[in-house]
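*Asks:* Below are the structure tokens for one structure; questions will follow.
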Amino acid sequence: MSKSKNLHILAESAVCVGVAVVLSMITLFTMPLGGSVTPFAILPIITVSLRHGTKWGIATALVYSLTQLMLGMANVLAVPVKNLQSIVLCAALDYVLAYTIIGFTGLITRRYQNKRVGLCVGVCVTGFGRLFCSFVSGVIIWAQYAPEGWNVALYSLAYNALWCVPDTVIVLAMCLALSRVRVLSLLPT
């Protein structure tokens, strides 16, 4: 790949991270202990993964995850057990891994001949990956917030599904809508 092509993709990726950050600040619903539904904030990151492949998708998603980590540092520092292990686990699970997973959407999508089916599977699998990271974080780090009598794993799953599933559905709907517009097609060629 030529140097100018790489610079073009780098610039596009940077713009997508910026747009994703702005969209992430517009929340449709915010959970009391973290997690929110946004108007398709991760769509720009998915777009990079679809248009430019896994390497660029993961790199862009990682930059986005680190940006979200910086913006959410107050949440990370609010972990119930204040020790380095809890803080690092929270940062890794709730931010770095949860958002970097989005970079794999293009890789998953390309495995399907029917591109719309691939897009659905890619968005759903990476959405499930985000949910899984938050679920594990809820069980390991945030367990003390489970209401008395609740199973911690069930509580973490229910809590995180309340924001992650709608967020994923909104992104999936927008991806499918944009995939129908030829000029804005998100589907890989």
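Going by the working numbering, the first residue of the sequence shown is number 4, and it counts up by one from there. Virtual Cβ for every residue (Gly too), placed ideally from N, Cα, C. Keep in mind that this is a model prediction, so the values were computed, not measured.
In whole angstroms, what separates the C-alpha of SER68 from that of LEU26?
*Replies:* 14 Å
*Asks:* Mapping the DSSP letters down to three states, classify THR41 as helix, strand or coil.
*Replies:* coil
*Asks:* Where do the N-terminal and C-terminal ends of the alpha helix (DSSP H) with ARG133 fall, by residue?
*Replies:* 118 to 143
*Asks:* Less than 8 Å between the CB atoms is what I'm expecting for GLY106 and ARG113, so what's the real figure, rounded?
*Replies:* Not quite, the Cβ-Cβ distance comes to about 13 Å (not below 8 Å), so this is no contact.
*Asks:* Roughly how many angstroms separate the alpha carbons of TRP145 and LEU13, rounded to a whole number?
*Replies:* 36 Å
*Asks:* Can you say whether TRP59 is buried or exposed, counting buried as having 16 or more other CB atoms within 10 angstroms of its CB?
*Replies:* buried
*Asks:* Note down the Cα distance separating THR267 from ASP97, rounded to an integer number of angstroms.
*Replies:* Any property of residue 267 remains undetermined from this structure, which presents the chain solely from 4 to 192.
*Asks:* Check this for me: beta carbons of VAL99 and VAL174, under 9 Å apart or not?
*Replies:* It is not a contact, given that the beta carbons lie outside the stated cut-off.
*Asks:* So, helix, strand or coil for THR33, using DSSP?
*Replies:* strand
*Asks:* Taking the CB atoms as reference points, tell me whether TYR148 and PRO83 lie closer together than 9 Å.
*Replies:* Between TYR148 and PRO83, the gap from beta carbon to beta carbon is short of 9 Å.
*Asks:* According to DSSP, is PRO83 part of a helix, a strand, or is it coil?
*Replies:* coil
*Asks:* Could you check which residue in VAL184, ASN78, VAL139, LEU134 has the C-alpha nearest to that of TRP166?
*Replies:* Residue nearest to TRP166 within the set VAL184, ASN78, VAL139, LEU134 is LEU134 (criterion: CA-CA distance).
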